[in-house]
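*Asks:*
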């Protein structure tokens, strides 16, 4: 496999260097700084990672698309996506590579072995509600639809660019779209730690996200 690890980041100067350094053990790394105001880019550039900077904050989906567009210029056949805030352990990447030999998309699930008590309650409830709705729409037996730790084939990565969203809806939108294209999906169990950083996910984001998924479910029922 020719592997590239794409890391979308926003104001993660504290963690990005360590995340990128560990990721470089498993492939080339592209860090996409989505308009940070701290030293995120500077810290990432101190390593051998390629760093692309958005001059303004465009959204996580836009950052992932930028990373994919850059990676597609080269001969990568396997794409790994993980967050740059230290929640995801890059040393788990081999688990994703193993599953990608039989699947087109692999999602790192924090719930595959049961409920994650360490996740903030608001996020846990939002995840459970939206995961059930996305599973209903897509027919994928998902346990963690919001995980940002994912591995995909080149074919799937190219299809990510077709999503109409650049914000928090992006990762769910691609799952819904893939279900109608016979894309094989599986999950792997991952642990996740929550640091003392302030979350970029607000109550407003959570409500809007649940409403978005609910509307998609209604559209699915009446179509």
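In the working numbering, the protein residues as written are 9 to 231.
Don't be surprised by glycine CBs; every beta carbon is placed ideally from N, CA and C.
Note that the coordinates shown come from a computational prediction; the quantities given were computed from them, not determined experimentally.
#1: Per DSSP, which residues does residue 41 bridge with? Please list them.
#2: Whose C-beta lies closer than 8 Å to the C-beta of residue 26 among residues of the same chain, with five residues either side of it excluded?
#3: May I ask which residues mark the beginning and end of the beta strand (DSSP E) holding residue 160?
#4: Taking the straight line between their C-alpha atoms, what separation do you get for residue 214 and residue 134?
#5: Count the other CB atoms, across all protein chains shown, that sit within 10 Å of the CB of residue 45; report buried if there are 16 or more and exposed otherwise.
#6: Hey, out of 181, 107 and 175, whose CA is closest to residue 167's CA?
#7: Alpha carbon to alpha carbon, what distance is there between residue 28 and residue 175?
#8: Taking C-alpha atoms, which residue in 148, 119, 147 and 145 lies nearest to residue 136?
#9: Among 185, 68 and 36, which has the Cα closest to the Cα of residue 101?
#10: As an exercise, report each continuous alpha helix (DSSP H) stretch of at least 4 residues that is fully enclosed by the region 166 to 190, in chain order.
#11: How do the region 184 to 202 and the region 139 to 155 stand: do at least 3 beta-carbon pairs fall below 8 Å, yes or no?
#12: Please return the same chain residues whose Cβ sits closer than 7 Å to the Cβ of residue 224, not counting the five positions on each side in sequence.
#13: What would DSSP say about residue 86, mapped onto helix, strand or coil?
#14: What first and last residue would you give for the beta strand (DSSP E) that runs through residue 105?
#15: Within the same chain, show all residues whose beta-carbon is closer than 7 Å to that of residue 218, passing over the 5 residues directly before and after it, in chain order.
#16: Within 10 angstroms of the Cβ of residue 85, are there 16 or more other Cβ atoms? Answer buried if so, exposed if not.
#17: At the level of alpha carbons, what is the spacing between residue 10 and residue 83?
#18: With distance defined between alpha-carbon atoms, name the residue in 69, 61 and 87 nearest to residue 247.
#19: Identify, in the order they occur along the chain, each residue of the same chain with its Cβ nearer than 7 Å to the Cβ of residue 21, setting aside the five sequence neighbours on each side.
*Replies:* Short version:
#1: According to DSSP, which records beta bridges pairwise, residue 41 is partnered with 17 and 61.
#2: Spatial neighbours of residue 26 in its own chain (CB-CB distance under 8 Å, excluding positions within 5 residues in sequence) are listed in chain order as 94.
#3: Run containing residue 160: 158 to 161, per the beta strand (DSSP E) assignment.
#4: Linking residue 214 to residue 134 through their CA atoms gives a straight-line distance of about 7 Å.
#5: It is exposed - the Cβ of residue 45 has fewer than 16 other Cβ atoms within 10 Å.
#6: Looking at the Cα atoms, 181 is the closest of the given residues.
#7: Rounded to whole angstroms, residue 175 to residue 28 spans 23 Å at the Cα level.
#8: Of 148, 119, 147 and 145, the residue nearest in Cα terms is 119.
#9: Here the closest residue by C-alpha is 36.
#10: 178 to 186, all fully within the region 166 to 190.
#11: With three or more CB-CB distances shorter than 8 Å, the region 184 to 202 counts as touching the region 139 to 155.
#12: Around residue 224: 145 and 184.
#13: Strand at residue 86.
#14: Run containing residue 105: none in the beta strand (DSSP E); it sits in the alpha helix (DSSP H), 101 to 107.
#15: Cβ neighbours of residue 218 within its own chain (closer than 7 Å, five residues either side excluded): 134, 137 and 138.
#16: Answer is exposed; the Cβ neighbour count stays below 16.
#17: Those two C-alpha atoms are separated by around 7 Å.
#18: This structure leaves residue 247 out entirely; the chain is present only between 9 and 231.
#19: The beta carbon of residue 21 sits closer than 7 Å to the beta carbons of 46, 47, 48 and 51 from its chain, once the five residues preceding and following it are set aside; these are given in chain order.
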